[in-house]
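Letter 5 of the sequence shown, counting from 1, is numbered -12 in the working numbering, and no numbers are missing.
Heads up: the structure comes next, in structure tokens.
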Amino acid sequence: MSDSHRTGPHMLKPRALKRMRQSQAALRPQREPLRFPEPEPPVWKPLG
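This is the structure:
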């Protein structure tokens, strides 16, 4: 099925599953952090 749906011979408890996923993520190289472009400065319009 998918990663979110647990099936298979060994059904882990939710906390054990989370701990396992966290340890796997720690071993993987860090992904490049998302970088957002700088927001444009607001354009001020005269009122009235």
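No residue lacks a Cβ here, since even glycine has one placed at the ideal position from N, Cα and C.
Going by DSSP in three states, residue i sits in which element: helix, strand or coil?
| i | result |
| --- | --- |
| residue 3 | helix |
| residue 25 | coil |
| residue 17 | coil |
| residue -2 | helix |
| residue 30 | coil |
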